[in-house]
Each structure stands twice: as structure tokens, then as C-alpha cells.
Amino acid sequence: MLILMGLRNGARHLEPQLASIMACGLPGWTLRVSDDGSTDTGPEMLRDAADALGDGPRRFCMSQGPRRGFAANYMALLADLPEVPGPVALADQDDVWLPGRLAAAIRLLNRVPGRVPAFTCARRIDWDPASGRLAPSAHLRRRPGFANALVENVAFGNTIVMNGAAARLARQAAPLARGIYAHDWFLYQLLTGAGALCLVEPQPVLLYRQHEGNAIGAGRGMNAWIRRKIAVLNGLYALRIGAQISALERCRHLLLPENRAILTLFSRARQTGTVERLLKMHQAGLRRQDLAGDIGLWGAALLGKV
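Residue numbers (our numbering): 15 to 320.
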């Protein structure tokens, strides 16, 4: 079992995360950490933890990241997977896993034949340590899939666990994923596009720490809603979609034929006039997780902001 963690100046919150990984419910695993230019004591903390574990079934190892942002750091970790990987989990540097988190994911993945690519994603609990506020993320309203993945991400990276077949797809695609906005969104797109099963764990699996250093926050409340709408109107949403699609186009050979067709429809829709754009997006079956999300998506499409 491999656990992949991107690290950058994470010393402040690293200790509780490492302690929670130790309680993940599996007797053996390797935590691979890619340090993306930390200037704090995080790397030293990891080296001390590795020394304390010794040569037992639980191990830490570290490498140097590409220093091109958090998404590129995780892609570097995925590109460096063994040619025939076993199960792979992703971890953030500042969360707290709930006890037994990995054992539950592996039980779910073991229901799927090993040759079939599959991955889990799950709810999480947004956690503000300063106030003590705990807020579980919402249940998915609709089935995850490629037509959903093209327009939003519901597979939080810190909850993703892949079986060996899915990890092999991620390893193949990682060197081609240059310039993506978010690694977890790309994995959701790639894996569903390649026909992998997305298994949704019903219970939250971790505490997602909220603090000013979050690369991407939880996105709750009126302020977050306003920021999202401004990002759409300013063209940021379209830029992010464009970055993700560009990487997917380089991975077309890994996608199922029907999903290549959906990708082509969406790519062409983004380059056409309003009426044809709406028609092609409808033909592609693009959808978000709820009615409000759909209204926002089609509003953005009407304005040419996708």
C-alpha cells in the first residue's frame, strides 16, 4: 500500500496528520512524500519519523518535488509509481484521517476484480480548529461519471484511494498532465473517462483542516459562493476547464471511445457560438451534481464562460 503526500511548509500541522496515518487500519504501508521546496522543519520531522519506524512494515520515504505547484507535485509522485503498482492513496499534509480510514477503502476496493480499475472517494468533515466548527460535506446527488467530471470535481484528492489497475492508468497519464489546475480533478476526469469504477464511501473519512494556507479551501458559505461566481465572470472557471481539457486531450488514448466523443463535443462547444455551444454541451450530457449547479453551468455556457 502506497500513500502519496505532497509537502510544502507543512510543519505546523504535520504531526497530527502523521499520527492519524499511523492509525489508518492497515499493518503495513509506505508513505512517499514529495517535498516541494519547504523552508520549515517539515522535512526534518519526516526524517525523524522515518528513523523512529526503522525497517518495519510501515515506512516513510522522501523525494524532491518539481517546484511547479501542488498539482505538479502530485503528478510527479504518480509518475514515479512502480510499473505494476498496488493500491495507492493520496494524502494532504494538514488533514487528520479518521481511524481505520484506509482499511475501509481497501475493503470496498476488494469487492472489485483486480483487473478492473476502481477508485474510492468520500465525504470529509470541514474542520476549523480555531472555532471548533465541524461541517460534513454533502452527499452526492447524482452518480459520478465523466460527463460530470468535465465540469466539476466531486472526488476530493485527500479521500481518493485507487486499486492497482487505476493507479496504473494514473501513472501512464501523469507525465502528460502538464499545466493542470488540480490533480484530483484530473484524476476524477481521467479515471472515469477510462472506465474506472468510482466507489463512493458513505461516511466521512477525514477532518479537512481549514486555515489561511489552504491551497484550495472548502468553498462553503456566501463568501465562497460569491468568489466562485466572480471566478466564472472573470473567466477563471473557463481557464481551469481549458487547462484540464488540454491534459485530457493528450491522454485520449486512455479514454473509452464513448468518452472520447464526449470530450470532443465539449472541446468543440467551447469554440463555437452560443446556440451551437449549448446544443453540443447538451449532446455531451454535461451535468453538475444538483439543480443549482446545473443552472450555474448553463448560465456560464450562455455567457461563453466555459
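Don't be surprised by glycine CBs; every beta carbon is placed ideally from N, CA and C.
As the structure is a prediction and not an experimental result, all values here were calculated from the model.
- Considered as a whole, the segment 193 to 219 harbours 197 to 207 as its complete alpha helix (DSSP H) runs of no fewer than 4 residues, in chain order.
- Note that the C-beta distance between Ala66 and Pro131 is not below 7 Å.
- If you look at Pro271, you'll find it isn't in any beta strand (DSSP E); it sits in the alpha helix (DSSP H) that goes 271 to 283.
- If you ignore the 5 residues before and after Ala314, its C-beta comes within less than 6 Å of the C-beta of Val246, Val320, all in its own chain and listed in chain order.
- The Cβ-Cβ distance between Asp54 and Ala25 falls below 7 Å.
- Per the coordinates, the alpha-carbon of Ile309 lies some 42 Å from the alpha-carbon of Glu29.
- Taking the Cα positions, Leu201 is about 32 Å away from Asp62.
- Restricted to the segment 28 to 76, the beta strand (DSSP E) segments that are unbroken, complete and at least 3 residues in length are 43 to 49, listed in chain order.
- DSSP places Arg22 outside both helix and strand once states are collapsed to three, so it counts as coil.
- Per DSSP, Thr173 has no beta bridge partner at all.
- Going by DSSP, Thr286 is part of no beta strand (DSSP E) at all; its letter is neither H nor E.
- Here Gln78 is bridged, per DSSP, to Asp49.
- Counted as a single uninterrupted DSSP element, the beta strand (DSSP E) harbouring Ala105 occupies residues 102 to 105.
- Here DSSP, grouped into helix, strand and coil, assigns Pro150 to strand.
- With a 10 Å radius around the Cβ and a threshold of 16 neighbouring Cβ atoms, Val175 comes out buried.
- Between Ala105 and Val214 the beta-carbon gap is near 19 Å, outside 8 Å, which marks them as no contact.
- When rounded, the separation of the alpha-carbon atoms in Glu272 and Arg73 is 41 Å.
- Under the rule that a run must span 3 or more residues, the beta strand (DSSP E) segments found entirely inside the segment 108 to 149 read 132 to 136, 139 to 142.
- If you ignore the 5 residues before and after Ser77, its C-beta comes within less than 6 Å of the C-beta of Ser48, all in its own chain and listed in chain order.
- Annotated three-state conformation of Leu95 is coil, per DSSP.
- It is roughly 43 Å from the alpha-carbon of Gly79 to the alpha-carbon of Glu290.
- Annotation for Asp308: the continuous alpha helix (DSSP H) segment containing it runs 305 to 316.
- Rounded to whole angstroms, the separation of the alpha carbons of Ser151 and Ala238 is 14 Å.
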